[in-house]
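Read the structure below first, then the notes.
Numbering (the working numbering), first residue to last: 6 to 230.
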């Protein structure tokens, strides 16, 4: 719809089925590794990405907000084109970080509003919100069911009727995304990631990752090198 912003991610499967006659859009494509290497805050990055996967379309409510977003695009493009800049690489990286911070700022209120809507949303929406907040360390259906004061069986039922996926599927999917994001962060070693996700040992974390990704954390990182 007019006045909306859409996020999509590397390796996403999507296609444009149909557009109206007067459709216009501004598109920014960023190389995956360049984006990952220049994320300013890994904690905010994970939350923002998970939120955007669940809510990929953002409404732009005012002309001023629209202009700010378009200007953000323009500044990054101009910086990219300024190849004769003496400090081109460093300047482009800083502009990328500023771009990300500005986009996070634009949608922070919506993110916070959705994050704090646990008391007013449906049980399914509450589950999705809880999952976004706790999937880094909580990977059991029972724990989320307890938070919602329902049984695991009923939580799975709610997920199936709303999304055609079980609660376990949702938990695995979110855990997989978080693990990939953390493994892509070269500043964290595997033991630190295992500890952050509250696994009892590195070997247990390795087995969990192999089950989710089909390869060990070490093998996954070798593919990125």
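Built from N, CA and C at the ideal position, the CB exists for glycine as well.
Could you say which of 64, 43 and 28 lies nearest to residue 12 if we only look at CA atoms? Along the chain shown, read from residue 1 onward, the residue named residue 12 stands at position 7. It is 64.
Residues in its own chain within less than 7 Å of residue 104 by CB, not counting five upstream and five downstream? Taking the first residue of the chain shown as position 1, residue 104 is located at position 99. Once the five neighbours on either side are set aside, the close Cβ partners of residue 104 are 77 and 81.
Using a Cβ distance threshold of 8 Å, determine whether the segment 151-164 contacts the segment 190-202, with at least three qualifying pairs required. no
Where residue 8 falls: helix, strand or coil (DSSP): For the purposes of this step, residue 8 is taken as the residue at position 3 of the chain shown. Note: residue 8 maps to coil in three-state DSSP.
So who's on the other strand from residue 63, going by DSSP bridges? Numbered from its first residue, the chain shown carries residue 63 at position 58. Residue 63 pairs with 10.
Could you check which residue in 115, 178 and 128 has the C-alpha nearest to that of residue 213? What you label residue 213 is simply residue 208 of the chain shown in a count that begins at 1. Comparing Cα-Cα distances from residue 213 to each of 115, 178 and 128, the minimum goes to 178.
Using alpha carbons as the reference points, say which of 41, 163 and 8 lies closest to residue 30. The residue you call residue 30 lines up with position 25 of the chain shown. It is 8 whose Cα lies nearest to the Cα of residue 30.
Could you tell me the boundaries of the alpha helix (DSSP H) in which residue 167 lies? Here the question's residue 167 lines up with position 162 in the chain shown. Residues 157-168.
Report yes or no: do the segment 129-137 and the segment 165-175 share at least 3 C-beta pairs separated by less than 8 Å? yes
Taking contact to mean at least 3 C-beta pairs separated by less than 8 Å, is the segment 207-223 in contact with the segment 178-189? yes
How big is the Cα-Cα spacing for residue 101 and residue 159? For the purposes of this step, residue 101 is taken as residue 96 along the chain shown, with counting starting at 1. For the purposes of this step, residue 159 is taken as residue 154 along the chain shown, with counting starting at 1. Rounded to the nearest angstrom, the two C-alpha atoms are 44 Å apart.
Grouping DSSP H, G and I as helix and E and B as strand, with all else coil, what is residue 192? On the chain shown, position 187 is the one that residue 192 refers to. Residue 192 falls in the coil class under three-state DSSP.
Given this structure, state the Cα-to-Cα distance separating residue 113 from residue 221, to the nearest angstrom. Residue mapping note: residue 113 aligns to position 108 of the chain shown, counting from 1. Residue mapping note: residue 221 aligns to position 216 of the chain shown, counting from 1. Rounded to whole angstroms, residue 113 to residue 221 spans 34 Å at the Cα level.
When you compare each of 68, 40 and 180 to residue 144 by their alpha carbons, which one comes out closest? The count along the chain shown starts at 1 and reaches residue 144 at position 139. Of 68, 40 and 180, the residue nearest in Cα terms is 180.
How many angstroms separate the CA atom of residue 115 from the CA atom of residue 45? Here residue 115 refers to the residue found at position 110 when the chain shown is read from its first residue. Here residue 45 refers to the residue found at position 40 when the chain shown is read from its first residue. So the two alpha carbons sit approximately 20 Å from each other.
Return the chain-ordered list of same chain residues with a C-beta closer than 6 Å to the C-beta of residue 161, the five sequence neighbours on each side being excluded. Numbered from its first residue, the chain shown carries residue 161 at position 156. Here the set comprises 171 and 172.
From the DSSP output, in three-state form, read off residue 39 for me. In the chain shown, the residue the question calls residue 39 occupies position 34. Residue state, collapsed to three classes: helix.
Coil, strand or helix - residue 108 by DSSP: Position 103 of the chain shown, counted from the start, is the residue given in the question as residue 108. In this structure, residue 108 counts as helix in the three-state DSSP scheme.
So, residue 140 versus residue 176, is the Cβ gap smaller than 8 Å? To locate residue 140, count along the chain shown from 1; it is residue 135. To locate residue 176, count along the chain shown from 1; it is residue 171. Yes, these two residues count as a Cβ contact at 8 Å.
Please state if the CB of residue 97 and the CB of residue 85 are separated by a distance shorter than 8 Å. Looking up residue 85 in the chain shown gives position 80. Looking up residue 97 in the chain shown gives position 92. Cβ atoms of residue 85 and residue 97: closer than 8 Å.
Residue 57: buried (16+ other C-beta within 10 angstroms of its C-beta) or exposed? Translated into the one-based positions of the chain shown, residue 57 becomes position 52. Buried is the call here.
If distances are taken between C-alpha atoms only, which option among 201, 10, 138 and 188 comes closest to residue 67? As a first step, residue 67 is located in the chain shown; it is residue number 62 there, counting from the start. Nearest option by C-alpha distance: 10.
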